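Notes follow once the structure below has been shown.
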Amino acid sequence: MSLPFRGRVREGVLLVSMVHVPVTGTKLPPIALSTNCPSCGVGLVPEELREQAYVCDCGHHFRMHGDAWIALLADEGSWRERWADVRPHDLLDWKVPKPYQQTIDQARQEGLNEAVRTGTATLAGRPVWLGVFDFRFVGGTLSIVAGERLARGFEQAAASHTPYVLVTASGGARMQEGVLALMQLAKVNAALGRLHAARVPYFSVLTDPTFGGVSASLALLGDVNLAEPGAAIGFTGARVIKQATYADLPPGFQSAEFQLECGQVDLVVPRVELRERLARLLDLYTG
Amino acid sequence: MSLPFRGRVREGVLLVSMVHVPVTGTKLPPIALSTNCPSCGVGLVPEELREQAYVCDCGHHFRMHGDAWIALLADEGSWRERWADVRPHDLLDWKVPKPYQQTIDQARQEGLNEAVRTGTATLAGRPVWLGVFDFRFVGGTLSIVAGERLARGFEQAAASHTPYVLVTASGGARMQEGVLALMQLAKVNAALGRLHAARVPYFSVLTDPTFGGVSASLALLGDVNLAEPGAAIGFTGARVIKQATYADLPPGFQSAEFQLECGQVDLVVPRVELRERLARLLDLYTG
Amino acid sequence: MPANFWSRTLGLSWEFGTMRPRERDTLSVWQVVELARHPDRPYSLDYIKRMAPDFVELHGDRISHDDPALVAGLGTWHGRTTVFFGHQKGRTLAERVRRNWGMMHPEGYRKALRIARQAVKFGFPIVSLVDTPGAFPGAAAEERGIAAAIAGAIMEWFETPVPIVAAVIGEGGSGGALGMAVADRVLMLENSTYSVASPEAAASIVWRDNARKVEAADQLQLTSRDLLAMGVVEEVVPEPEGGAHVDYEGTAVALENALWRHLQPLLTMPVDELLQHRYERFRYIDSLIAAHPDFGPKVEPKV
Amino acid sequence: MPANFWSRTLGLSWEFGTMRPRERDTLSVWQVVELARHPDRPYSLDYIKRMAPDFVELHGDRISHDDPALVAGLGTWHGRTTVFFGHQKGRTLAERVRRNWGMMHPEGYRKALRIARQAVKFGFPIVSLVDTPGAFPGAAAEERGIAAAIAGAIMEWFETPVPIVAAVIGEGGSGGALGMAVADRVLMLENSTYSVASPEAAASIVWRDNARKVEAADQLQLTSRDLLAMGVVEEVVPEPEGGAHVDYEGTAVALENALWRHLQPLLTMPVDELLQHRYERFRYIDSLIAAHPDFGPKVEPKV
Ligand SMILES: [Zn+2]
Ligand SMILES: [Zn+2]
Numbered sequence: 315m316s317l318p319f320r321g322r323v324r325e326g327v328l329l330v331s332m333v334h335v336p337v338t339g340t341k342l343p344p345i346a347l348s349t350n351c352p353s354c355g356v357g358l359v360p361e362e363l364r365e366q367a368y369v370c371d372c373g374h375h376f377r378m379h380g381d382a383w384i385a386l387l388a389d390e391g392s393w394r395e396r397w398a399d400v401r402p403h404d405l406l407d408w409k410v411p412k413p414y415q416q417t418i419d420q421a422r423q424e425g426l427n428e429a430v431r432t433g434t435a436t437l438a439g440r441p442v443w444l445g446v447f448d449f450r451f452v453g454g455t456l457s458i459v460a461g462e463r464l465a466r467g468f469e470q471a472a473a474s475h476t477p478y479v480l481v482t483a484s485g486g487a488r489m490q491e492g493v494l495a496l497m498q499l500a501k502v503n504a505a506l507g508r509l510h511a512a513r514v515p516y517f518s519v520l521t522d523p524t525f526g527g528v529s530a531s532l533a534l535l536g537d538v539n540l541a542e543p544g545a546a547i548g549f550t551g552a553r554v555i556k557q558a559t560y561a562d563l564p565p566g567f568q569s570a571e572f573q574l575e576c577g578q579v580d581l582v583v584p585r586v587e588l589r590e591r592l593a594r595l596l597d598l599y600t601g
Numbered sequence: 315m316s317l318p319f320r321g322r323v324r325e326g327v328l329l330v331s332m333v334h335v336p337v338t339g340t341k342l343p344p345i346a347l348s349t350n351c352p353s354c355g356v357g358l359v360p361e362e363l364r365e366q367a368y369v370c371d372c373g374h375h376f377r378m379h380g381d382a383w384i385a386l387l388a389d390e391g392s393w394r395e396r397w398a399d400v401r402p403h404d405l406l407d408w409k410v411p412k413p414y415q416q417t418i419d420q421a422r423q424e425g426l427n428e429a430v431r432t433g434t435a436t437l438a439g440r441p442v443w444l445g446v447f448d449f450r451f452v453g454g455t456l457s458i459v460a461g462e463r464l465a466r467g468f469e470q471a472a473a474s475h476t477p478y479v480l481v482t483a484s485g486g487a488r489m490q491e492g493v494l495a496l497m498q499l500a501k502v503n504a505a506l507g508r509l510h511a512a513r514v515p516y517f518s519v520l521t522d523p524t525f526g527g528v529s530a531s532l533a534l535l536g537d538v539n540l541a542e543p544g545a546a547i548g549f550t551g552a553r554v555i556k557q558a559t560y561a562d563l564p565p566g567f568q569s570a571e572f573q574l575e576c577g578q579v580d581l582v583v584p585r586v587e588l589r590e591r592l593a594r595l596l597d598l599y600t601g
Numbered sequence: 243m244p245a246n247f248w249s250r251t252l253g254l255s256w257e258f259g260t261m262r263p264r265e266r267d268t269l270s271v272w273q274v275v276e277l278a279r280h281p282d283r284p285y286s287l288d289y290i291k292r293m294a295p296d297f298v299e300l301h302g303d304r305i306s307h308d309d310p311a312l313v314a315g316l317g318t319w320h321g322r323t324t325v326f327f328g329h330q331k332g333r334t335l336a337e338r339v340r341r342n343w344g345m346m347h348p349e350g351y352r353k354a355l356r357i358a359r360q361a362v363k364f365g366f367p368i369v370s371l372v373d374t375p376g377a378f379p380g381a382a383a384e385e386r387g388i389a390a391a392i393a394g395a396i397m398e399w400f401e402t403p404v405p406i407v408a409a410v411i412g413e414g415g416s417g418g419a420l421g422m423a424v425a426d427r428v429l430m431l432e433n434s435t436y437s438v439a440s441p442e443a444a445a446s447i448v449w450r451d452n453a454r455k456v457e458a459a460d461q462l463q464l465t466s467r468d469l470l471a472m473g474v475v476e477e478v479v480p481e482p483e484g485g486a487h488v489d490y491e492g493t494a495v496a497l498e499n500a501l502w503r504h505l506q507p508l509l510t511m512p513v514d515e516l517l518q519h520r521y522e523r524f525r526y527i528d529s530l531i532a533a534h535p536d537f538g539p540k541v542e543p544k545v
Numbered sequence: 243m244p245a246n247f248w249s250r251t252l253g254l255s256w257e258f259g260t261m262r263p264r265e266r267d268t269l270s271v272w273q274v275v276e277l278a279r280h281p282d283r284p285y286s287l288d289y290i291k292r293m294a295p296d297f298v299e300l301h302g303d304r305i306s307h308d309d310p311a312l313v314a315g316l317g318t319w320h321g322r323t324t325v326f327f328g329h330q331k332g333r334t335l336a337e338r339v340r341r342n343w344g345m346m347h348p349e350g351y352r353k354a355l356r357i358a359r360q361a362v363k364f365g366f367p368i369v370s371l372v373d374t375p376g377a378f379p380g381a382a383a384e385e386r387g388i389a390a391a392i393a394g395a396i397m398e399w400f401e402t403p404v405p406i407v408a409a410v411i412g413e414g415g416s417g418g419a420l421g422m423a424v425a426d427r428v429l430m431l432e433n434s435t436y437s438v439a440s441p442e443a444a445a446s447i448v449w450r451d452n453a454r455k456v457e458a459a460d461q462l463q464l465t466s467r468d469l470l471a472m473g474v475v476e477e478v479v480p481e482p483e484g485g486a487h488v489d490y491e492g493t494a495v496a497l498e499n500a501l502w503r504h505l506q507p508l509l510t511m512p513v514d515e516l517l518q519h520r521y522e523r524f525r526y527i528d529s530l531i532a533a534h535p536d537f538g539p540k541v542e543p544k545v
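Chains as they are written, first to last, in our numbering: chain X, 315 to 601; chain E, 315 to 601; chain V, 243 to 545; chain B, 243 to 545.
Now the structure itself:
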């Protein structure tokens, strides 16, 4: 009730829908692919697929990882990564099935940083904060470092009034960090609440798969939730639900389209339209 | 976020549950009854039933009307009716199936005032605003006069910080007053919003039947919604739903117990416990 | 009863657009009802897409459903991001089924409020287009709290501190319509209707025979002129000769101009004043009635 | 791994009640898990009814369901109206089925928030008792938005301007527990657990064999002592010898005293400060970790 109505007018506005927004910010990096499309079975030509944002002609969206998402969304040369030097350690002396420290070291040797990377960029010329999950790093799990990067980013985006774009892909909280990983749900949502309170637009892009502690914290609280076609999105995975309840799950259960029907997702957007759509939303929400 | 936490302490509080609250404020008036209970078929002895607040031994709650509700809830001699002289007129020249003015005149000749009566009282010693619907008056329908009494009462309760107790029984908005009857939904909810904004407790007692424009406005917006066992509560009546959708409706559809399961009602309270429960809630919410 | 009962009794106090007197005297009430329900009549999206070509529809109540009977989203209108709501009936049979003939379930109202809270957060004005036979009279709607959803919406609109303008563009059916029509200004297209009950429902109540809908329509006083006379709407927007479906573009321009004319002064109004005016608009909506010498709520000093 | 790993590494910084050292050194982690799940263990209503004999349970999310897995209501505690929440598992098989073994559906979180908003409206403090294996892993919960319900609850607790104290009284299972445990102070009964995943789920993930739950429990660091050492809870409330179920009255008195001791200073705290502290409590909940010389988030000047 105490919120003032803030009238703002864009004079002579150029509708973004009438302006060309390129499909990717820069050329996507190569990613590891199966030899055939799991949906239509067609043999894949990696370089061709790369040119079409890793979407098969049949519509199957291949999983992309952190660096590919940054290349897709950030304009060329605009990406400024933050807090990349903050890194995880084994604190619980976790040993099973293999030592956590070994898991971390291995992932880092493969050139991966953490399950979440975050920084600033421009998206079709519009300044944004960008957070991307990387499913290759321990299943994109939310860790202390991931939570810290996200929370700091939300705080800075709130302070600088910069819209935040998140891309999720995660199995949930990182078990190897115990209850402190669980606490990251509260930590990131506390900071996210401040982003919302500062009236900064927040767009959440849900990709395959988004589950557990990530869907139960920051992933579904966007001003707009966008999802990739066919992405699996839920809290408990289908396998566990079947084990726990002996239920038959309908086809398409927990798909992006299911979540659209269940009222959790605003838009199911093909990857090749994502930048244009985000650019339009950025204009509308900062109008 | 701007709401201050207001600590209040009752020192040496006497728990109301340990204090006897009489079942009725004063002796209930006689009401017209069928000869047998529609639930269990037992022959009814009016005077006996009157002593037990018009609840059959089988648990069937007979419909009570405005004056009976006032007698049940208001302590003896405490009732101060307000705006009883405001009365309805036929404004749309409504003629079908009989002239509205004739309907009004007839009801008034039977000693009825309007579908809603309102005033102040004490309930087990606690000051309250009281609004009661009377189903005998054109099916308890929400009219301009009913809406005006309710809205004025909400405004005065907000101003004097007096808890409001409402007892509903209505078929909805009064068709004979056309779209102006529909507008009463907005009128009473506007005033009700101010009652809530003033942080004044509002308890809604839903009795058989509560439908249409009344359930779609003030009836289900209580801080606590209490319902009488077996009361039919809904938006569209079962007959119309069956006509419109050819649906088989399950037993108990739209009962108070159904609404409890559907999350709309806090408590299903037998009539003989109602005053005690309201007294306890009044203590808790004004504590 | 003569359609100009109200104007005779109380005098017109709001605006009636520059209607051709010819037509308004020749159409029967039932003809108006049929125009309001005409299958070719422009629907909400026809107006919204013309008003805001960059419109983005948003979906879902963030609880458990999306309601296709209500379109909700954002677009740029007069250089300003604006939230649009509109009942949507559907053109093809398949779309009609999907959109449930514009009859909302509870999740539609919850979706609207969710997006209205974004309007508040970001300072967007709201435009709401009303075109529904009513809220859906079905078991699922009851189970998911249709009454409480409408009630909560009606109450929350009064606490939504951004300008809201609404227009009934076809059918304004009972509580289902009112749940989307609590606004600072409410307009009606000339051949739209707004009623406490549909003619069919009224006939069913009065005669237990919904075939007598034409008689019931005559009784209900549901035309734009009746509503204007009663002081329930601020303005009637004239339609092209023959009805809105004859000229989409012309109707859209007329509606858009009227909506903007009403919204514009609200944009600079202090929020407290805006909400107080909205309160008083509905709190005293029957004031024309109260002014009738032999009627109604008498003003009384406060206790 | 030794249960006192954290105390060795970082030093205890919060309070551990006056536990008998004997018992805390002799129980295995799995024995603690079994005590936390003991079928005779006191449940939320056992505590609430002792704390507030005039407790009135309220029901329903005012959307579409009531969730019997979560008890919610008001009672007088220390002369002050207080909102109580508690997971409730059920004693008999019929009650367990009805209460779904204390596993909440989305409507439970929505009921809690609805009543928390009343706490804000009327200025009541909140006490939340946590005892759940987790949120319900079922299709209906997914369809009705369990993830979003938990997420929304976690966020809204940070914006609830009344004091909140929580205690884990049995099982603190993952996100389902955290959704009811965002508070200014979080306590644990001695033989309760609080974990990112249940031992069974962890075993299933690690070995695809949930029979290896005992090993998994050892790894998870889920006992009250572990949590205290990590700085995740403020205090451990000692239980009577043998566990809480041996002496309901004694356990209830100890829990009530600890809760009140933590709530009392919050009642006089300015709201801004209260919310800022709650924010910092969770924002820096891994600060003991961060203090570790070779680890983690380095403080960096703002851009
Ligand atoms: Zn393919
Ligand atoms: Zn009986």
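Virtual Cβ for every residue (Gly too), placed ideally from N, Cα, C. Model, not experiment: these values are computed from the prediction.
- Message: When you compare the CB positions of Val410/B and Ser446/B, do they come within less than 9 Å of one another, or not?
- Response: For Val410/B and Ser446/B, no; Cβs fall outside 9 Å.
- Message: Tell me which residues share the same chain as Asp303/B and place their Cβ nearer than 7 Å to its Cβ, disregarding the 5 neighbours each side in the sequence.
- Response: Non-local beta-carbon contacts of Asp303/B in its own chain, meaning distances under 7 Å to residues more than five positions away in sequence, involve Glu349, Arg352, Lys353 and Arg356 in chain order.
- Query: Comparing the CB of Ser348/X with every heavy atom of ligand 1, is any distance shorter than 8 Å?
  - Reply: The answer is no for Ser348/X.
- Item | Gly544/X: CB within 8 Å of a non-hydrogen atom of ligand 3 | Judged by which ligands are present, ligand 3 is missing from the structure shown, whose ligands are ligand 1 and ligand 2.
- Message: Check whether chain X comes within 9 Å of Gln330/B, counting only Cβ atoms and requiring the distance to be less than that.
- Response: It does not; no Cβ of chain X falls within 9 Å.
- Item | Distance, Gln490/X Cα to Asp404/X Cα | One alpha carbon belongs to Asp404/X, the other to Gln490/X, and they sit about 8 Å apart.
- Message: I want to know whether the segment 285-296 of chain V touches the segment 451-468 of chain V - three or more CB-CB distances under 8 Å.
- Response: As far as the Cβ criterion goes, the segment 285-296 of chain V does not touch the segment 451-468 of chain V, which means the pair count is below three.
- Message: As a quick exercise: from Val275/B, Thr268/B and Gly414/B, pick the residue whose alpha carbon is nearest that of Ala459/B.
- Response: Relative to the Cα of Ala459/B, the nearest Cα in the group Val275/B, Thr268/B and Gly414/B belongs to Val275/B.
- Task: Quick one: list the residues of chain E neighbouring Trp449/V, beta-carbon separation under 7 Å, in chain order.
- Result: Residues of chain E passing the Cβ test: Pro411.
- Query: Relative to the C-alpha of Val579/E, which residue among Asp308/B, Gln273/B and Leu287/B is closest?
  - Reply: When C-alpha distances from Val579/E are compared across Asp308/B, Gln273/B and Leu287/B, the shortest belongs to Asp308/B.
- Around ligand 2, which residues pass a check of Cβ closer than 6 Å to any of its heavy atoms? Any heavy atom of ligand 2 counts here; residues with a Cβ closer than 6 Å to one of them, in chain order, are Cys351/E, Ser353/E, Cys354/E, Val356/E, Cys370/E, Cys372/E and His374/E.
- Who are the neighbours of Cys370/E on chain V, taking C-beta pairs under 9 Å? Here the premise fails: no neighbours, minimum Cβ distance about 27 Å.
- Comparing the C-beta of Ile305/V with each C-beta of chain B, is any distance below 9 Å? Yes - at least one Cβ of chain B is within 9 Å of the one on Ile305/V.
- Which of helix, strand or coil does DSSP assign to Pro263/B? At Pro263/B the pLDDT is 46, less than 50, meaning the model places this residue with poor confidence and gives no usable figure here.
- If we ignore side chains and look at the alpha-carbon of each, how far apart do Pro263/V and Asp514/V end up? Because the pLDDT at Pro263/V is just 46, under 50, the model does not fix this residue reliably, and the point stays unresolved.
- Message: Does Leu335/B pass the burial test, meaning 16 or more other C-beta atoms within 10 Å, or should it be called exposed?
- Response: By the 10 Å Cβ count, Leu335/B comes out exposed.
- Task: Report the partner residues of Trp443/X according to the DSSP bridge assignment.
- Result: The partner list for Trp443/X (beta bridge, DSSP) reads Thr434/X and Tyr478/X.
- Message: Would Leu497/V pass as an interface residue toward chain E - the criterion being a Cβ-Cβ separation below 9 Å?
- Response: Interface annotation, Leu497/V: not in contact with chain E, CB-CB separation never under 9 Å.
- Three-way DSSP call (helix, strand, coil) for Ala541/E in this model: Residue state for Ala541/E is assigned as strand, using DSSP reduced to three classes.
- Message: Beta-carbon within less than 7 Å of Ala278/B's beta-carbon, same chain only, minus the 5 sequence neighbours each way: which residues are those?
- Response: If you ignore the 5 residues before and after Ala278/B, its C-beta comes within less than 7 Å of the C-beta of Gly412, Glu413, Asn433, Ser434 and Thr435, all in its own chain and listed in chain order.
- Between the Cα of Met378/X and those of Trp443/X, Glu390/X and Ser484/X, spot the shortest distance and give me the residue it belongs to. Here the closest residue by C-alpha is Ser484/X.
- Message: I'd like the list of long-range same chain contacts for Ala486/V, defined as Cβ closer than 7 Å, with 5 residues on each side in sequence excluded.
- Response: These residues qualify, in order along the chain: Arg283, Pro284, Leu431, Asn433 and Thr493.
- Length of the line joining the Cα atoms of Leu520/E and Pro336/E: Their backbone Cα atoms lie some 21 Å apart in a straight line.
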